Amino acid sequence: MELRVAKELLHIQHWLVLAQAIVAQGKEAYADDELAQEAGDSLMIKIGEAAKTLAARGLEAPEGVSWSDAAKNREKLVHHYQVTDREVTWRTLSVSLPGWASALAPLFEEAASTISGIASGG
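Residue 92 in the working numbering is what sits at position 91 of the sequence shown, and the numbering runs on without skipping anything.
Put into structure tokens, the structure is as follows:
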């Protein structure tokens, strides 16, 4: 696996863990917490940007993952933030992204192995 791809995948893995921490607080807490909403937006923007990079590098998305959808979501959050629908962002954080974590797990393992191999001189 190309180093840049491995790094992007491990970033996504970390951001998915952070997104899960927001979701763990519950929907009501998310709805009442502007900081959690903004943090969730930031994570989705970062994931969307990484997805664009992975698509450009030719990494095929596994079933259940759409690089294109993540990139479109990023564009909406960045350029149309004034009309952000919190029901949609909650569903993305609580339903879509956990699915990504499962679907991407084998690629995360491969990415970690790639980084580990480089770090150990392999």
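For every residue, glycine included, the Cβ atom is placed at its ideal position computed from N, Cα and C.
Given the structure is predicted, the values throughout are model-derived calculations rather than measurements.
key: 6 angstroms CB neighbourhood of L4 in its chain, flanking five on each side removed   = none
key: Coarse secondary structure for E3, derived from DSSP in three states   = Note: E3 maps to coil in three-state DSSP.
key: Neighbourhood of I119 by C-beta distance below 8 angstroms, restricted to the same chain and skipping five residues each side   = L4
ask   = Taking just the CA atoms, how far does A112 sit from A25?
value = 26 angstroms
query = Whose C-alpha, out of M2, A57, K8 and L44, is nearest the C-alpha of L94?
reply = L44
query = Taking DSSP as the reference, what is the three-state secondary structure of S67?
reply = coil
request  = Locate the alpha helix (DSSP H) running through Q38, then write down its first and last residues.
outcome  = E35 to A57
query = Which residues bound the alpha helix (DSSP H) around E88?
reply = R87 to R92
ask   = Taking all protein chains shown into account, do 16 or more other C-beta atoms lie within 10 angstroms of the C-beta of G59, making it buried, or fewer, making it exposed?
value = exposed
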